[in-house]
Every structure is written in C-alpha cells, then in structure tokens.
Amino acid sequence: MKYFFILTSLLVFLAAKSAHAENIELLYINANVGASAGGHTALKLGDDVFHYQFFPDQRFLLVRESWPHFRLIYNRLRNRTIYSATCLVSKTSYKKIKSKFTTILASQQADFYHERLLQEQLDILGNLLSGNISMDVVGLGFFDPTKKESEFGVSLRSYIQKALGNDFLVRKKRLLDAGLQKILSQKKGSPDVSHRGIELLTELIDSIKKRAALNVLITGTGVMNTALVGENIARRLDSKDLTIVTSQLRRLEQTILNLLNSKRSDNGELILLQTARYHAIQSSLQRGELFTLDPFPDNVPAKIVDRNDSEMLEYLGELSILLSDKRRKVISELRSTSGTASDLLFAQLENVNGKLAEISQAIGDNFSIRIASEQMIPSRKRVEKLSGITIDSSIYKDLLENLSRQQENLRDETNVRYHYHILAKNCVNELLRSINSSFADSDEAKEALGGYIDPVLDRIVIPNDFFYQLTAKFRLVDIKQFRSRRLVALDKLSPEQNSWELWFQEGNTLTSTLYTPQTKDTPFIFFTDDTIWARPFLGLCNLLWAAGHTIGGMVSWPVNGGDQLYQGARGIFYTLPELVFSNIRKGTYRYEDLRERLNQL
C-alpha cells in the first residue's frame, strides 16, 4: 500500500508538472530620466521580450526584441534595475499568450503595409498625371545597368533557358509589355476604368516591377560593386561551408524558376531580390569567401564616428567580436538545417554580416556608421521608367482623389488605434489588456495565471503598482532582480574599499569613477538610488544644484539659447521626488541611441 501511495503521488506530480510546463516572466523596469521616466513593463516569453513603446511619430506600438538586447538597453545603457516575476502556466496557456502577442504584431505590420501600398499607388498616380510613367522598384538598386552580360548574369540566364526554353524570358516580357500597353491605353469613361480603376493601377505597378526583373535576367545584368558585403570581414569558406553555400545556390535557382513560372504578377521585386542573392552566392563560391547582400535600406540614418573617442572605438571593437560569434553560430546552424529553415538562417546571416561589415569599416577607414534597429531585408531601390508610351492621364484624376481620401481615412484610423494616453493607454494597462485578451474571459485568465488584474477596475497605470499587484495575485514561482549597471559596478568595488570612503568617491557625480555626467541626465550632484533615509537631504542638495544651473541658464540665455535653463528646470523636476523618499534619476551611459539601434543580437 505504501509503494502504491508513493507511485500515485509521483504520477500526480508528473502530471501537474506536465500541465504547467512553461514559464512567462513579467518585467518591471524602474524609473530614470528620459523615455519611460516613470518606469516600464514588459513580458518575456522564452528569449523574446514584448513591450509597448511610444515612437516619435506619436504612435504607441507593441515591440518584440531579444532578451540580450533588451537588457543591454534598459539594464546597462539606461542604468535601470529590472525586476522579473516568473509565473508558471500550462503549455496551452503559454501558446495562447504568445499567439496573441504575435497576432498583434502581425496586425500592426498589416496596417503599415497598407499605408505603404497606398503611398506607392499615390506616387505612381502623381507621376502618371504628369505624363511620367516611372516608379521606385525595390531590389533594382542592387544591379548596375552598365554591367550587361555579366558572368553570373549570363550563367543564371543560361540556367533559366535550359530549364524553361531559350525564348521563355523574351516571350514573357513581350506578353507583359502587351498587357502594360492595354492598361495604359484605357480611355476616360471606359467600363474598365470606371469599375476596375484600383485593380488596373495595381496591375500596372506589378507589371512595371516584373518588367524590371525580366530586363535584368534577359540582359544578364551584374550587381553594383557596393551591393555585396564581406570584403573587409573575410571569412574563408571551408569544405563544410562550401557545401551549404552550394546547396543554397541550388535552392535560389529553383526559387527563381518557381517565381518565373508562377501566374502571379506581383512577384517582380522578389525575383530581383533572389537574383541579387544568387550573384552574392556565386561571388562567395568563386572567391572562397562569404559574401552577402548589403541589408541596409536606402534611407537608413548614419552616425559620425569620433575617431578620438576611445570608449566608442572600444565598444565597436567588442560589438564586432559579438557579431563574429553570432555569425559563427548561424553558419553552424546552417550546417544542420535544410529547407525553408535554411532560407531564414541565410536572412539572419545577411543581417549579421551587414552589421559586422559596417562596424569594421567604421573602425577602419570610414567615419560614419549606418544604424537600424529592425531585422532588415535587403531592399535597395532604383527608379524604373517606361518610355515611348503615351497615355490619357486624365482618366486617373478621380482615382487619385479616391486614394487620397482612403489614405486620409486610414491615417485617422491608425492614429486612433495606435494613440497613447498617459493614464488610459500606457505601457502598463495595454500590456495587461493584451495578456487578458489571450483568454476567453476573466475566469479563464485567472485559472491560467493564478489571478486576474483588470487594468481599469484595479486602476493599474503605474509600473511599480503593476509589479506589486501581480506579485500579490499571480501564481509566481520566482522573483529575480537584475541590478542596474552602476549598482553592479558599485558592488564589485565594495569588498575592496571602506563603505564611507566608497560613498564619498562614488556617491556623487564629481568624483565618481563609474559614471560620466550626461547633459540629458540633468544637473545633479548626489546619487540617491542606493540610499533611502538620506535621500531627502541629498535631494535638497541636488535641488539647490539644479536651481543654481537654472539661474545660470537665465544669465546665459543669449549665449546658449536657453538650453542650460531648460536642463536646470528638468533637474528640479526630477529632484522633487527625492524630497519625499522617492527616486527617479539614476544617470545613464553614453551612445544609447547608437547602441540601441544597432540591435546587435
């Protein structure tokens, strides 16, 4: 009987463990100056962190980024402590939550795609009305129109001709040109224009893109010298590397054939992208080194690199090591992967290789570095122009007005959908709404999480209150703390120094070896995040210091345009909570914007 009881208990335990096999982590990031000054919240699922963020275009959006990158920004650069509460949920609940957040991201992307599509249609309509049949084609910018009959271009054309027939490409272009002429020869008042205006415009856009792709293939056009990256970050390909690169070449060839055989007309830009990738792979095989397409968009901003800034150069050097390690890992995964998964890994490789090359050039002989936060898809544009075709542009005036109204309505809808409100719709209550809406009702959410928090009824608007409520109501198995950069560095110094000596040296901004004053941190003398009882007195000192800067700012207004006055006033604002035992300001570290956007991991 005893053994039966033990066995039964073990089975019940294993069943319970199986039913609750996943962890979700709810994050609270404490306050500091700058963005999310009152604190921030996020949800961690595996290695992905989801959080709501306010953007300069006044939109409030869900963002997904990797945990290492999230910690780099908030924990190290913004110098904030992160508190993590781990909640045990079933696999089913975990999938529901992840599916909900992924769906929200997909919905955002769909809205933005619709915006871009409308803008593209309006741009070409504007050109048509001015008698100019031209448009930007994504992917065409990788190709050099002066490099006709290039080695790899001829090789790909021969492969296509062998598989689909010698006249396939020319015949395809001839049919496309006939369709284009039919679209452009429409007369005002014709049934097609009256009822299919937007369809005709879409067909026109798709046809121009596909025509550009066919021209590249027919003429065997080669890529621009600047289209490929890898020259200054050479990685020799060993026998295993050559195998996976050759395999990827075969996949690209088949993909291009499938796209050409497809009856869809909207794949011109994809043909251009895969053709450019074909050239990159062929260059890799020919030279025995890894080459990929430059992944940075045309309009990506660039930062000037100060060559005399040793801290900056040291950081870029460390970052290049991290990216080199990441590249090795991706290539290692490619060796054991096939099919669609290998295509996704090659896309990752393009991103890593592109960022690594950019950093290498900045450290070497360049003085600027391009920065981008998102996962990039190679997308260089160039204008494709049709000549020798006359059109009756007046037929598109009504369509232009219609699309302009659609764009205005869509802009109004997205402004409402993605607006921010400091109380009604912020990073706290919107995160809670998204978590709660993963389930059918409050009862299901309570069963899944161990408790339920209603962002409206419970009046949850402050990140600190959010964390307090979830620790009281949710089924938590662990609470962790990731201390801020300065506090971690302070802990490392503590064993070697007397606590009073340490405080006199590191407790202020004038003698600290762990922190360099930043203008955006506002003027202050004493750190108050690591003390409580002395906080009001130290806060009073900070208040007097900030007030002195404010008075000095009034005097120097004609010289600096009021900047010192503004920073002094901000210093007073961020000091006031210290007088009542609270703390916001902790100091930040340099190059936050650059490091954030590099998104190296």
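No gaps in the numbering here: position 541 of the sequence shown is 629 in our numbering, and each next residue is one more.
Idealized CB from N, CA, C, for every residue including glycine.
Pull up the CB-CB distance for residue i and residue j, whole angstroms please, since I reckon it's below 8 Å.
i, j, result
"residue 574", "residue 602", "6 Å"
"residue 508", "residue 514", "7 Å"
"residue 615", "residue 675", "7 Å"
"residue 662", "residue 610", "6 Å"
"residue 293", "residue 212", "6 Å"
"residue 325", "residue 378", "6 Å"
"residue 578", "residue 617", "Rounded, the Cβ-Cβ distance is 10 Å, inconsistent with contact."
"residue 671", "residue 127", "Rounded, the Cβ-Cβ distance is 11 Å, inconsistent with contact."
"residue 248", "residue 301", "About 12 Å; that fails the 8 Å criterion."
"residue 590", "residue 114", "Actually they do not touch by this definition, with Cβ atoms about 34 Å apart."
"residue 393", "residue 435", "At roughly 27 Å, the Cβ-Cβ gap does not stay under 8 Å, so residue 393 and residue 435 are not in contact."
"residue 362", "residue 343", "5 Å"
Helix, strand or coil for residue i per DSSP?
i, result
"residue 688", "Bear in mind that a pLDDT of 37 at residue 688, under 50, signals an unreliable position, so the number given afterwards is only what the model happens to contain. Coil."
"residue 506", "coil"
"residue 325", "coil"
"residue 254", "coil"
"residue 468", "coil"
"residue 511", "coil"
"residue 161", "helix"
"residue 35", "Only positions 89 to 689 of the chain appear in this structure, which leaves residue 35 out of reach."
"residue 266", "helix"
"residue 604", "coil"
"residue 319", "coil"
"residue 312", "coil"
"residue 609", "helix"
"residue 152", "strand"
"residue 351", "coil"
"residue 403", "helix"
"residue 571", "coil"
Expressed to the nearest angstrom, what Euclidean distance is found between the alpha-carbon atoms of residue i and residue j?
i, j, result
"residue 100", "residue 175", "Note that residue 100 scores a pLDDT of 41, beneath 50, so its modelled location is shaky; the value from the coordinates is reported in the next line. So the two alpha carbons sit approximately 20 Å from each other."
"residue 448", "residue 408", "7 Å"
"residue 351", "residue 237", "27 Å"
"residue 159", "residue 129", "13 Å"
"residue 631", "residue 639", "12 Å"
"residue 140", "residue 152", "9 Å"
"residue 648", "residue 656", "13 Å"
"residue 321", "residue 226", "26 Å"
"residue 316", "residue 381", "5 Å"
"residue 550", "residue 520", "12 Å"
"residue 537", "residue 110", "11 Å"
"residue 258", "residue 305", "10 Å"
"residue 541", "residue 354", "46 Å"
"residue 262", "residue 496", "38 Å"
"residue 232", "residue 239", "13 Å"
"residue 665", "residue 120", "12 Å"
"residue 564", "residue 539", "10 Å"
"residue 554", "residue 384", "38 Å"
Please name the residue in the options whose C-alpha comes closest to that of residue i.
i, options, result
"residue 405", "368, 431, 446, 388", "446"
"residue 224", "217, 288, 209", "209"
"residue 198", "498, 636, 526, 333", "498"
"residue 523", "187, 423, 235", "187"
"residue 190", "414, 418, 137, 364", "137"
"residue 368", "249, 241, 251", "241"
"residue 61", "612, 287, 135", "This structure leaves residue 61 out entirely; the chain is present only between 89 and 689."
"residue 150", "195, 166, 125", "195"
"residue 510", "539, 415, 548", "548"
"residue 180", "528, 434, 146", "528"
"residue 204", "494, 622, 161", "494"
"residue 466", "229, 119, 122, 216", "229"
"residue 167", "216, 117, 370, 487", "117"
"residue 349", "581, 401, 587, 298", "298"
"residue 658", "673, 243, 644, 219", "673"
Count the other CB atoms, across all protein chains shown, that sit within 10 Å of the CB of residue i; report buried if there are 16 or more and exposed otherwise.
i, result
"residue 633", "buried"
"residue 214", "exposed"
"residue 683", "Below a pLDDT of 50, predicted positions are generally treated as unreliable, and residue 683, at 46, falls in that range; no measurement from the model is reported."
"residue 273", "exposed"
"residue 143", "exposed"
"residue 364", "buried"
"residue 443", "buried"
"residue 387", "exposed"
"residue 146", "exposed"
"residue 545", "exposed"
"residue 556", "exposed"
"residue 246", "exposed"
"residue 400", "buried"
"residue 131", "buried"
Please confirm whether any heavy atom of the ligand FAD lies closer than 7 Å to the CB of residue i.
i, result
"residue 263", "Ligands in the displayed structure: none, and consequently the ligand FAD is not present."
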